[in-house]
Amino acid sequence: MATTFPAQRSAAEVWLMPVFVAKDGRGGEVREALAKLQSVSRSDPGCLEYTVFTDDQRSGTFVLIEGWNSRKDLVDHNDKGHVKDFVQMVAPLLAVPFSVTPLTPLA
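Whatever position you read off the sequence shown (first residue = 1), add 1 for my numbering.
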């Protein structure tokens, strides 16, 4: 699937960049959990983008780019069981708690 970002953006859209750093030896488990979350989350209402990338230079580091039509869509997504289950399951696999950076498109 090619990543395509909408040409026209709504002011209500929410874009985020969560970063996950796996403990040594746990990268495969984090990768598998993120792939599963990505697959399910792409079907959540209001999802514009939900793609996980890996950092080839730092094994075990994963970056998620996610976009939502609105803050409500993001809140609804975060309240879903698959997200809550993921957060609980992945926490012990991470070297540090995951971070979430809000993003603002330049244009």
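Don't be surprised by glycine CBs; every beta carbon is placed ideally from N, CA and C. Note that the coordinates shown come from a computational prediction; the quantities given were computed from them, not determined experimentally.
- Take F54, set aside five residues on each side of it, and the residues of its chain with a beta-carbon closer than 8 angstroms to its own are F63, V64, L65, I66, in chain order.
- DSSP, read as helix, strand or coil, puts V97 in coil.
- The three-state secondary structure of G68, taken from DSSP, is strand.
- Scanning its chain for C-beta atoms nearer than 7 angstroms, with the 5 sequence neighbours on each side dropped, one finds around V41 the residues H83, in chain order.
- Using a 10 angstroms sphere on the CB of E14, the tally of other CB atoms reaches 16 or more, which defines it as buried.
- For L49, the secondary structure class from DSSP, reduced to helix, strand or coil, is strand.
- By the neighbour-count criterion, in which 16 or more other beta carbons inside 10 Å mark a residue as buried, L107 falls on the exposed side.
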